[in-house]
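Take the sequence shown: its letter number 24 is residue 24 in the working numbering, and every next letter is one higher. Where a beta carbon is used, it is the ideal one built from N, C-alpha and C, also for glycine. Data block below; observations after.
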Amino acid sequence: MSTAVEGHPELKTAPFDPRFPNQNQTRYCYQSYLDFHRCSKVRGEDYEACQYFKRVYTSICPMAWVEKWDEQVAEGRFAGNI
1 MSTAVEGHPE LKTAPFDPRF PNQNQTRYCY QSYLDFHRCS KVRGEDYEAC
51 QYFKRVYTSI CPMAWVEKWD EQVAEGRFAG NI
């Protein structure tokens, strides 16, 4: 449930994804990160669908993972298929 308070943005979290039904959301996190970068590569980072994936992974992924993955992507040694 999300509620907006006057003067503050409405806060949302990642919606339920039936592909990842378990409590452990590691795979959902990783897949959303990959989907964002794949989408950005094709459509550009500002495309609304790409922003959806970014909101999901920034919501559920530990920031330490994201920072590490971003560093690996920048260095060309990220293990995922982007």
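Query                                                                                                : Result
Please report how far the alpha carbon of Y47 lies from the alpha carbon of K41, in whole angstroms. : 11 Å
Would you kindly report the start and end of the unbroken alpha helix (DSSP H) that includes C29?    : T26 to R43
Could you give the distance in angstroms between the alpha-carbon of S2 and the alpha-carbon of E10? : With a pLDDT of only 45 at S2, under 50, the local geometry of the prediction cannot be trusted, and the value read off the model is given with reservation. Approximately 7 Å, taken between the alpha carbons.
With distances taken Cα to Cα, identify the nearest neighbour of Q31 among A74, G76 and V66.         : V66
Using only CA atoms, which one of R27, D17, G76 and F16 lies nearest to P62?                         : R27
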